[in-house]
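Numbering (the UniProt record's numbering), first residue to last: 1 to 194.
C-beta: ideal position from N, C-alpha, C; glycine also.
The structure displayed is predicted, hence computed values, not measured ones.
Reading through the structure tokens given below for one structure.
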């Protein structure tokens, strides 16, 4: 016999499942749009590797646009771009985990950090394509989804779902977060190069 608490847990579980499904759609859409905007050659081939993407609602489209806007701020960091464009960097699960763990090293989650992981996953996809290790593209998406499922999705649930990003972006605090994250990534890549 199910108690109210168990039903609540079941309801929460199904909401988490929906959030994970939305994560897959939003992440793939984020990567595809950025590849397209960066004019990546063979973007259609990468899209085939990433898999089909279709936003399901105007609200999801709004969330996607917001993710892109924050991603543009990350892309605008010149120091970060210099580091990310280092030709010696090779994408790997180890590199992915190092950076993602550093992003969340203080245990705090916020929308800026969520988008930073999206941006880093996109960077890894582009780098895998450049290095002609396209079979890694699906792995990168899987690593991202797995990490979010394990460590981030419950926080997103607590924010009311992906739509929670819409109310947070209007506050200036996310810009501070981006500066912090750029510093984290810079430190990681400098350490890696030594």
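- For residue 25 and residue 130, the gap between their C-alpha atoms comes out near 24 Å.
- Between residue 121 and residue 44, the CB-CB gap reaches or exceeds 8 Å.
- Inclusion of residue 30 and residue 60 in the CB contact set at 8 Å is not warranted, their separation being larger than that value.
- Under the three-state reduction of DSSP, residue 105 is assigned to coil, being neither helix nor strand.
- Residue 112 and residue 153 have their C-alpha atoms roughly 15 Å apart.
- Taken through DSSP and simplified to helix, strand or coil, residue 86 comes out as coil.
- According to the DSSP assignment, residue 154 belongs to the alpha helix (DSSP H) that extends over 153 to 158.
- Per DSSP, residue 119 is one residue of the alpha helix (DSSP H) stretching across 111 to 130.
- Non-local C-beta neighbours of residue 149 in its own chain, meaning closer than 7 Å and more than five positions away in sequence, comprise 20, ordered along the chain.
- Scanning its chain for C-beta atoms nearer than 8 Å, with the 5 sequence neighbours on each side dropped, one finds around residue 15 the residues 157, 161, in chain order.
- Judged by beta-carbon spacing, residue 74 lies beyond the 8 Å limit of residue 165, meaning their Cβ atoms are not closer than that value.
- For residue 164, the enclosing alpha helix (DSSP H) begins and ends at 164 to 168.
- Apart from the 5 residues on each side of it in sequence, residue 93 sits with its Cβ closer than 8 Å to the Cβ of 139, 143 in its chain, given in chain order.
- By the neighbour-count criterion, in which a residue is buried when 16 or more other Cβ atoms sit within 10 angstroms of its Cβ, residue 91 is buried.
- Inclusion of residue 145 and residue 55 in the CB contact set at 8 Å is not warranted, their separation being larger than that value.
- Note that the C-beta distance between residue 40 and residue 126 is below 8 Å.
- With respect to residue 88, residue 123 sits apart: the two C-beta atoms are not nearer than 8 Å.
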